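Everything on this sheet refers to the single structure shown next.
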Amino acid sequence: MTTAPPELDPTTRDALAELLLTLADDEFVIGFWDSEWTGIAPMLEEDVATSSIAQDEIGHARALYEMLAELTGEDADAIAYGREPEAYRHASLLDHERGDWAATVARRYLYETADAVRLAALATSGHEPLALLAAKMRREETYHLLHAEAWLRRLADSRGDAADRLADAVRRLWPDAQDVFAPLLNEETLVARGVLPTPMRALHAEWVARVRPTLEPVAGDLPQSAPRLDGRERRSDAFRWLHGELTSVARSGAGATW
Amino acid sequence: MTIADGVERRVWEELANLPDPEIPAISVVDLGVIGSVAASGDRVRIELLPTFVGCPAIGVMQQQIGERMGALGLQADVVVSYDPPWSSDRISPAGREALRRSGFAPPAPMPAGPALGMLDELAVLPIAECPYCGSRNTTMDNPFGPTLCRAIYHCEDCRQPFEQFKRV
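These protein sequences, in sequence, are chains A and B. Residues in the first sequence are numbered consecutively from 21, following the numbering used here. Residues in the second sequence are numbered consecutively from -15, following the numbering used here.
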């Protein structure tokens, strides 16, 4: 980071740290799930695309963990790889296993649209380093969004098995997708200080209004659903398995210099 | 001209000869990833604007810039910056020509307006000019390529696959 973080009072700093951790963990975990498609995607072009998207997401996570590390005086790698599964704060949407291609497309669409709404707000954050990084990430995420929308349409228009699987996946993931907008512990502080320009509740409403007209023709009526208070603390066995995988190299050489 | 001005000019000249690690045909200056250079005594602070946040070449670039500065007798502090965010519009005219000569289509200019205005245009109008024959009769095979910053196209006229430095 170039700009020394502006002086923050301890309450704002802790609240910002929590926000950065949730953003970083979201990008980190979806990046690792998507990287599982490398080598086994349904077609060569998708092998390239999902690998590239996964690399983008993990790169975003790196920048966010580094910003967090600077704020708290920790080490970015230690935050990324050194925690127990229960200490991660990604949304429950990202606790599901990779699943089949339709499940991946459904999750990518749900996550990318939610992330786009969130990043648009953060690009106007009063915390300048975060606003700058969000603006940069948005340019890259545009490609992810385009990819997710193209695949959603492609599977939905296919009829038959692919469309059925997509509809099932959207219905199954819909409740947990709301949790991308789970309220943060000290959210009112972030909103009052302009770090989070729009409350999560309002961002959630914006996202639902945006995706419902696209998803209901694909998946049927979707229930009114709200983000849960513990929407970022619901760790699954699927994530515990992924955590074992993604930390395996770091654990095998604890303290090693790479 | 102050002494610092002279040092900074030498730094820019040196960096203009430092190739990008992933696409060596273009220098880091022509690629637009050098945000600023500020010299003070024998120290120089250089802001590096990554093309993509997750670019794995960032560390290599920091190291290579540091080495070049060392050769000039300068102690370099190479910091990653997103202010301003790197955009493909930062590639210089010379850089665009260097890309074309080495088989990369230079990125089209960014559309005006907010970043998300890009979405529809990208979907509807993914134009790239074939670096081999100059045809605009090309199709995008994949907006994702062998590195984060490259997309894959096909020229319908000369039948060559080619890569475009992604517009971002």
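Each residue gets a CB set at the ideal place from its N, CA and C atoms; glycine is no exception. This one's a predicted model, so the numbers in the text were calculated from it and none came from an experiment.
Query	Result
Within-8 Å CB hit, residue 137 of chain B to chain D	The displayed structure is made up of protein chains A and B, and chain D is not among them.
Proximity test, Cβ basis, 8 Å: residue 152 of chain B and chain A	yes
Which listed residue (A:278, A:178, A:181, A:149) has its alpha carbon closest to that of residue 27 of chain A	A:149
Own chain partners of residue 278 of chain A with C-beta closer than 8 Å, once the 5 adjacent residues on each side are dropped	none
Bridge-paired residues (DSSP) for residue 144 of chain B	Partner(s): none; residue 144 of chain B has no beta bridge.
Contacting positions in the stretch 65 to 79 of chain A - beta carbon closer than 9 Å to chain B	65, 66, 68, 69, 70, 71, 72, 73, 75, 76, 77, 78, 79
Backbone secondary structure at residue 156 of chain B - three-state DSSP	In the structure as shown, chain B starts at -15 and stops at 152, and residue 156 of chain B therefore has no counterpart that could be examined.
Where residue 135 of chain B sits in the DSSP three-state scheme	strand
Residues that residue 157 of chain A contacts on chain B, provided the C-beta gap is smaller than 8 Å	37
DSSP three-state assignment for residue 111 of chain B, whether helix, strand or coil	coil
Bridge partner(s) assigned by DSSP for residue 11 of chain B	B:3
Pairwise C-alpha distance: residue 15 of chain B and residue -12 of chain B	24 Å
Residues that residue 167 of chain A contacts on chain B, provided the C-beta gap is smaller than 9 Å	127, 128
Buried/exposed call for residue 63 of chain A, threshold 16 Cβ in 10 Å	exposed
is_contact[residue 10 of chain B, chain A] using C-beta, thresh 8 Å	no
Unbroken alpha helix (DSSP H) run spanning residue 54 of chain B, endpoints	42 to 55
Cut-off 8 Å between Cβ atoms - residues of its own chain near residue 144 of chain B, not counting five sequence neighbours on either side	114, 116, 117, 138
Backbone CA spacing between residue 141 of chain A and residue 263 of chain A [nearest angstrom]	30 Å
Beta-carbon gap between residue 287 of chain A and residue 118 of chain A smaller than 8 Å	Missing from the structure shown is residue 287 of chain A; chain A here goes from 21 to 278 and no further.
DSSP-derived helix/strand/coil call for residue 50 of chain A	helix
Nearest to residue 271 of chain A (by Cα), restricted to the options A:215, A:166, A:221, A:103	A:103
Boundaries (first-last residue) of the alpha helix (DSSP H) holding residue 100 of chain A	96 to 101
Test: residue 160 of chain A CB closer than 8 Å to a CB of chain B	yes
Residues that residue 124 of chain B bridges to, as DSSP identifies them	B:137
Closer than 9 Å at the beta carbon, the chain B residues around residue 82 of chain A	37, 38
CB of residue 73 of chain B within 8 Å of CB of residue 93 of chain B, strictly	yes
Cut-off 8 Å between Cβ atoms - residues of its own chain near residue 5 of chain B, not counting five sequence neighbours on either side	41, 44, 45, 48
Listed by chain order, chain A residues near residue 132 of chain B by CB distance under 9 Å	72, 75, 76, 79, 160
Sheet register partners of residue 181 of chain A (DSSP bridge)	DSSP lists no partner for residue 181 of chain A.
Residue 67 of chain A - DSSP class collapsed to helix/strand/coil	helix
Residue environment, residue 86 of chain A, which counts as buried when at least 16 other CB atoms sit within 10 Å	buried
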